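As numbered in full-length UniProt numbering, residues 1 to 297 make up the sequence shown, in order.
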Amino acid sequence: MTADALPMSDPYDPSDACAAAQTTRTKARPPETERYNDADPFSGTAGMTKADTPTLRAFALLEHLVNSDGPVSLADIAQDVALPKASLHRMLASLEAGGLVIREPGQKNAYVIGPRLAQLALGVVMHPGTRRLRHAILARLVADLGETCNLTMLHETEVLYLDRMEAPWPLRLDLKPGSHVPAYCSASGKLLLSMLPREQRSALVRALKLERFTQNTITDAELLEAELDRTAHKRIAIDNEEFLAGIVCVAAPVVDENGTCIAAIAVHAPVSRAPLSRALEFVPRLQEAARELAKTF
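Below is the structure:
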């Protein structure tokens, strides 16, 4: 019987799932100095200061697009930004010519981040400086658990390995930083998909080709959606031999100070050495490492 025909049990109590503590810090600012508001990067554009330059305004516009849930029209941007629509149009045209933004297909004046900006963001995340910090955290985690651990992010419809630390065992997988694996049948991938807004998640699931890798791979979209619902509720994801036969995996979210899932940290092991029930015992230590890793983003 395949995983598509089996109901998933509740392997982990959601009450123990990680809830990253959030601290709101209020900084006193001199009343005579006009600056960008933390919540609205365009709030200072009405009264320009010496720090308000065309370059910073373009950067703030990119931040605005990055923080949007979907395509943003010129009219919508103009409502949120204290700049003339003509100025915004020229700025967007320059960013579009540079590949930093693109127009959403089928929508004449709706913009999203472009491939060049996405590549830049990926380069920042993979930069050796921050990667050294994350690798040190992974190394301590592997030393504690005795199993291989990895740090991943969602890249389009796949999981991207940001870093990976192998345990000193003969059985190894050749998944170096920069490698991709399917999201729908890996613990990290299911976790990252589950944390997306429901409409965006459903659109991704519908677009996926659910290829079978093992007898446990979930290849039915409705069953996958149900599994993602459970994962979002528990904030813990499992791979019960769904990508590779004989390998189980457990993943926990790395969340920022706003509670947004920005990455996933996971441990995987052969079932002969660490069956799923054993791997789930690693969750508290995974969550501890996730809190450390969140500070590196």
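The beta-carbon is built from N, C-alpha and C at its ideal position, and this holds for glycine as well.
Just so you know, these numbers come straight off a predicted model, no measurement behind them.
Same chain, Cβ closer than 6 Å to residue 109, five either side skipped, listed in chain order:
If you number the sequence shown from 1, residue 109 lands on position 109. Non-local beta-carbon contacts of residue 109 in its own chain, meaning distances under 6 Å to residues more than five positions away in sequence, involve 73, 74 in chain order.
Per DSSP, what are the beta-bridge partners of residue 149 in this structure?
Here the question's residue 149 lines up with position 149 in the sequence shown. The partner list for residue 149 (beta bridge, DSSP) reads 165, 267.
Under 8 Å, with one C-beta from each stretch per pair, do the region 195 to 209 and the region 158 to 171 reach the 3-pair mark?
Touching, no, given that fewer than three Cβ pairs across the two stretches are closer than 8 Å.
Option in 98, 225, 100 with minimal Cα separation from residue 201
As a first step, residue 201 is located in the sequence shown; it is residue number 201 there, counting from the start. When each option's Cα is compared against that of residue 201, the closest is 225.
Which of helix, strand or coil does DSSP assign to residue 73?
Residue 73 sits at position 73 when you count from the first residue of the sequence shown. Residue 73: strand per DSSP, three-state reduction.
Looking at the strands, I want to know which residues DSSP matches up with residue 113.
On the sequence shown, residue 113 is found 113 positions in, with the first residue counted as 1. According to DSSP, which records beta bridges pairwise, residue 113 is partnered with 101.
Beta carbon of residue 252, beta carbon of residue 287: below 8 Å?
Counting from 1 along the sequence shown, the entry for residue 252 is found at position 252. Counting from 1 along the sequence shown, the entry for residue 287 is found at position 287. A contact, by the Cβ cut-off of 8 Å.
Cβ-Cβ distance between residue 58 and residue 88 below 8 Å
Here the question's residue 58 lines up with position 58 in the sequence shown. Here the question's residue 88 lines up with position 88 in the sequence shown. Inclusion of residue 58 and residue 88 in the CB contact set at 8 Å is not warranted, their separation being larger than that value.
In the DSSP assignment, the beta strand (DSSP E) including residue 207 goes from what residue to what residue?
Start at 1 with the first residue of the sequence shown, and residue 207 comes out as number 207. Note, residue 207: premise wrong, no beta strand (DSSP E); alpha helix (DSSP H) at 198 to 207.
How long is the line joining the alpha carbons of residue 133 and residue 296, rounded to whole angstroms?
Against the sequence shown, residue 133 aligns to sequence position 133. Against the sequence shown, residue 296 aligns to sequence position 296. Distance between the alpha carbons of residue 133 and residue 296 is about 7 Å.
Within 10 angstroms of the Cβ of residue 90, are there 16 or more other Cβ atoms? Answer buried if so, exposed if not.
Mapped onto the sequence shown, residue 90 falls at position 90. Residue 90 should be labelled exposed.
Apply the 10 Å Cβ neighbour rule to residue 312 and answer buried if 16 or more other Cβ atoms are within range, or exposed otherwise.
In this structure the chain extends from 1 to 297, so residue 312 is not present and cannot be described.
For my contact list, residue 271 and residue 248 are in at a C-beta cut-off of 8 Å; report their separation, rounded to the angstrom.
Your numbering for residue 271 matches position 271 in the sequence shown. Your numbering for residue 248 matches position 248 in the sequence shown. With a beta-carbon spacing of about 5 Å, residue 271 and residue 248 fall inside the 8 Å limit used to define contacts.
Just reading off the alpha helix (DSSP H) that residue 289 is part of, what are its end residues?
Numbered from 1 along the sequence shown, position 289 holds the residue referred to as residue 289. 283 to 294 is the span of the alpha helix (DSSP H), which, as asked, contains residue 289.
Assuming contact is defined by CB atoms lying nearer than 8 Å, are residue 145 and residue 117 in contact in what I supplied?
Residue mapping note: residue 145 aligns to position 145 of the sequence shown, counting from 1. Residue mapping note: residue 117 aligns to position 117 of the sequence shown, counting from 1. Their beta carbons are not under 8 Å apart, which means residue 145 does not touch residue 117 by this criterion.
N-terminal and C-terminal residue of the alpha helix (DSSP H) that residue 54 is part of
One-based indexing of the sequence shown puts residue 54 at position 54. Residue 54 -> alpha helix (DSSP H) spans 54 to 66.
Residue 183 (DSSP reduced to helix, strand or coil):
The sequence position of residue 183 within the sequence shown is 183, counting from 1. Residue state, collapsed to three classes: coil.
Which residues does DSSP list as the beta-bridge partners of residue 308?
Not covered by the structure: residue 308. The range shown for the chain is 1 to 297.
How should residue 66 be labelled, buried or exposed, when 16 other C-beta atoms within 10 angstroms of its C-beta is the threshold for buried?
Taking the first residue of the sequence shown as 1, we reach residue 66 at position 66. Label assigned to residue 66: exposed.
Count the other C-beta atoms from every protein chain shown that fall within 10 angstroms of the C-beta of residue 277, then say buried if there are 16 or more, exposed otherwise.
Indexing the sequence shown from 1 puts residue 277 at position 277. Residue 277 is classed as exposed because its beta carbon has fewer than 16 other beta carbons within 10 Å across all chains shown.
From residue 184 to residue 84, what does the alpha carbon distance come to, in whole angstroms?
In the sequence shown, counting from the first residue as 1, residue 184 sits at position 184. In the sequence shown, counting from the first residue as 1, residue 84 sits at position 84. If I take the Cα positions, the gap works out to 44 Å.
Going by DSSP, name the residue or residues bridged to residue 237.
As a first step, residue 237 must be located in the sequence shown, where it is residue number 237. Beta-bridge pairing by DSSP links residue 237 to 251.
Enumerate in chain order the residues of its own chain whose CB-to-CB distance from residue 221 is below 6 Å, with the five nearest sequence positions on each side excluded.
Here residue 221 corresponds to residue number 221 of the sequence shown, with the count starting at 1. If the five residues before and after residue 221 are omitted, its C-beta is found closer than 6 Å to the C-beta atoms of 205, all from its own chain and listed in chain order.
C-beta atoms of residue 291 and residue 141 nearer than 8 Å
Within the sequence shown, residue 291 is the residue found at index 291, counting from 1. Within the sequence shown, residue 141 is the residue found at index 141, counting from 1. Their beta carbons are not under 8 Å apart, which means residue 291 does not touch residue 141 by this criterion.
Are the Cβ atoms of residue 193 and residue 265 separated by less than 8 Å?
Walking along the sequence shown from the start, residue 193 turns up at place 193. Walking along the sequence shown from the start, residue 265 turns up at place 265. Taking 8 Å as the cut-off, the beta carbon of residue 193 is found no closer than this to the beta carbon of residue 265.
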